[in-house]
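Protein chains in written order, with this note's numbering: chain A, 78 to 318; chain B, 78 to 318. Glycine included, every Cβ here is placed at the ideal spot set by N, Cα and C. Comments concern the structure below.
Protein chains: 2
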Amino acid sequence: MLMQGKNAFENAELATAGTRGQSLSSIFHGCATETITASQAICWEGDQAKYLFQVVEGVVRLHRIIGEGRRVITAFHFAGDVIGASLLEDFSFTAEGVTDCKIRRVSRKCFQEEVTRCDNLRPAYIGLLCRENAAAHDQMVLLSKKSAEERLCSFILNLALRPGSQCQGLLRVPMNRLDIADYLGLTIETISRTITKLAARKVLAAEGRHDLRIISMDKLARLTGSADDFSAKTCHRGSIH
Amino acid sequence: MLMQGKNAFENAELATAGTRGQSLSSIFHGCATETITASQAICWEGDQAKYLFQVVEGVVRLHRIIGEGRRVITAFHFAGDVIGASLLEDFSFTAEGVTDCKIRRVSRKCFQEEVTRCDNLRPAYIGLLCRENAAAHDQMVLLSKKSAEERLCSFILNLALRPGSQCQGLLRVPMNRLDIADYLGLTIETISRTITKLAARKVLAAEGRHDLRIISMDKLARLTGSADDFSAKTCHRGSIH
DNA sequence: CGCCGACTTGAAGTCGCTCAAGAGCGGTGG
DNA sequence: CCACCGCTCTTGAGCGACTTCAAGTCGGCG
């Protein structure tokens, strides 16, 4: 799993702590870490949302099932991310490890008490909810109007723009083709074909199943179909100052 | 514009006031109402989000534009709804009247001060953010995995389940075909064809451009592709107690 | 009555899906 | 060490749902 996870976590800690008031991570500090293996469930759609989780290491996917066998992945969560902040009663998703993971858990009650008690945690909490909302809206736009190529490029660009995601120019893609397909509203075949096409056009190169070498960040950004995706997203993480 | 708007607004007032603590409507109470004509803009994507709005009467659409001419409607807002609660810096959408509207406006600063000052407004605010998130996720699922027919049925069912939406068995659909298409990630032609098909199957009947008679709520619910859409959504509004 | 915009209907085209076969890779066991 | 297996991923061919383009229809309003 490399040491990427731990580093990313510490990055996230520093980043959120620096922005507005205190970091939500402090709520999880005392908690023991639990170990989750790849594709093990953390919680189930429909269950009462008694807990919130924080990813310490690894990657988690959230999904919903509709009808028979239609799975939609609504989000991936990385080291430092909090899962379940925007829930009222029940889990609206099943959470599973994409990779082996370490997570922490607090009860919803405890979380809410902390947020109520500490005035300076509240902006962080509200901020988290707002950012989740913004991400959901971006995803709606992607699913509503973008072509397969634009979707994949948007996804890869977002991955690449996470701090610490690249190691010697190599982008780690922890999720498999099916995960990507279910996240982007496509099929594994389309994902595969589109990667092949992008490789042929020298936008990127696949190195094994879980690594991409991005040859031209510029081309990639121009292919996202978001007009100004590159600048917008680059600013996104830094602009909260 | 019928008097439906006013009634719906009062319904919404009562409903939110009853749930958790105070209603966010109280923040808008003193403000003068502004009049917006159909398709007039209330705010623009990219502008600094200085204000929040509350719809008093009529229907508002939120949209984003990507590339040249691709419009995505991310939400419709009805009487009682608050617009802009989940924003941090800038408007991430353009808001326009679907119909002639009456709205109220408060500055973000004022809104935030009120929420900070009144402890019993905070649950309402958090609740709003969470419900927006849940709605966005439902829409992601719709856009990701549902067929044209399932999308349209989901949309119509959601409209029909708003309290006070039906008048003598007739469902008012204030938005035109293009609005519906851009909301569901389809084209006007597909919307039109699908309505025709549903009418042929005696699920519903179109009566003019802006009214639908739902012949079988059961059939409609079964066609949404959400497994348990009907029960889930029916509970949705009442279950917060 | 005639015009205009919104909607409907039809025919052809396309993008992504489905089905099916084959390739690559990692693990296991002889 | 190689043979084998299972799984994921890739590639190909055909198909289908929705789009695009193009008429035609409806309904409201001057």
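Local conformation of residue i per DSSP, three classes
i      : result
A/A276 : helix
B/D167 : strand
B/I317 : Model confidence at B/I317 stands at a pLDDT of 31, short of 50, so the residue's coordinates are unreliable; what they give is reported in the following sentence. DSSP places B/I317 in coil when its eight states are reduced to three.
B/G348 : Outside the shown range of chain B (78 to 318) lies residue 348 of chain B, about which nothing can therefore be said.
B/S116 : coil
B/G95  : Unreliable positioning characterises B/G95 in this predicted model, as indicated by a pLDDT of 42, which lies under 50. The coordinate reading is nonetheless provided below. Helix.
A/S303 : coil
B/G82  : Any reading at B/G82 needs caution, since the residue's pLDDT is 39, under 50, leaving its predicted position unreliable; the model's value is listed next. Three-state result, B/G82: helix.
A/L101 : coil
A/K179 : strand
A/Q216 : helix
A/Q245 : coil
A/L234 : helix
A/A298 : helix
A/I160 : strand
B/L229 : helix
B/D196 : coil
A/S184 : strand
A/R290 : strand
A/C312 : Legend: pLDDT at A/C312 = 39, less than 50; position of this residue unreliable, no value from coordinates given.
A/L281 : strand
B/S224 : coil
B/T271 : helix
A/G204 : helix
B/N210 : helix
A/L263 : coil
B/R254 : helix
With 16 other Cβ atoms within 10 Å as the buried cut-off, status of residue i
i      : result
A/H106 : exposed
B/R286 : exposed
A/Q131 : buried
A/M271 : Checking the sequence shown, residue 271 of chain A turns out to be Thr, not Met. Its Cβ being crowded by 16 or more others within 10 Å, A/T271 is buried.
B/K274 : exposed
B/K279 : exposed
B/D306 : Residue placement at B/D306 is poorly supported in this model, since its pLDDT is 44, which falls under 50; the coordinates still yield a value, given next. Its Cβ being crowded by 16 or more others within 10 Å, B/D306 is buried.
A/A109 : exposed
A/G123 : exposed
A/S224 : exposed
A/L300 : buried
A/R194 : exposed
B/L173 : Here residue 173 of chain B is Glu; the residue named in the question, Leu, does not match the sequence. Looking at its Cβ environment, which holds 16 or more other Cβ atoms inside 10 Å, B/E173 is buried.
B/E145 : exposed
B/P251 : buried
A/C120 : buried
B/D295 : exposed
A/D158 : buried
B/S169 : buried
Beta-carbon gap between residue i and residue j smaller than 7 Å
i      : j      : result
B/I319 : B/D259 : Within the shown structure, residues of chain B are numbered from 78 to 318, placing residue 319 of chain B beyond reach of any answer.
B/L206 : A/L206 : yes
A/L255 : A/I265 : yes
B/V175 : B/V133 : no
A/Q125 : A/D177 : no
B/E209 : B/S163 : yes
B/E323 : B/I180 : Because chain B spans 78 through 318 in this model, residue 323 of chain B falls outside it and cannot be assessed.
A/I203 : B/S303 : no
B/D288 : B/L263 : no
B/A276 : B/A283 : yes
B/F153 : B/R141 : no
A/A213 : A/T171 : no
B/L297 : B/C230 : yes
B/S221 : A/L220 : yes
A/A201 : A/L101 : yes
B/R239 : B/L261 : no
B/Q189 : A/M217 : no
A/R185 : A/K127 : yes
query = Mind pulling the beta strand (DSSP E) runs of 3 or more residues that sit fully within the stretch 105 to 153 of chain A?
reply = Taking only runs of at least 3 residues, the beta strand (DSSP E) segments lying wholly in the stretch 105 to 153 of chain A are 111 to 113, 118 to 120, 128 to 134 and 137 to 143.
message = Along the stretch 151 to 177 of chain B, where does the CB come closer than 8 Å to a CB of chain A? Name the residues.
response = T151, S163, L164, L165, E166, S169 and F170
query = Taking a cut of 7 Å between CB atoms, which residues from the stretch 185 to 219 of chain A lie near chain B?
reply = G204, L206, C207, E209, N210, A211, A213, H214, Q216, M217 and V218
ask   = Got a sec: which bits of the stretch 221 to 245 of chain B sit with their beta carbon under 7 Å from any beta carbon on chain A, in order along the chain?
value = Taking 7 Å as the Cβ-Cβ cut-off against chain A, the residues of the stretch 221 to 245 of chain B that qualify are S221 and K222.
Contact set between the stretch 260 to 279 of chain B and chain A, restricted to residues whose Cβ is under 7 Å from the partner = G262
message = To be precise: take each residue of the stretch 135 to 152 of chain B, compare its Cβ to all Cβ atoms of chain A, and keep it if any distance is under 7 Å. Which residues remain?
response = R141, I143, G144, R147, V149 and T151
query = According to a CB-to-CB cut-off of less than 8 Å, which residues of the stretch 287 to 308 of chain A neighbour chain B?
reply = G302, S303 and A304
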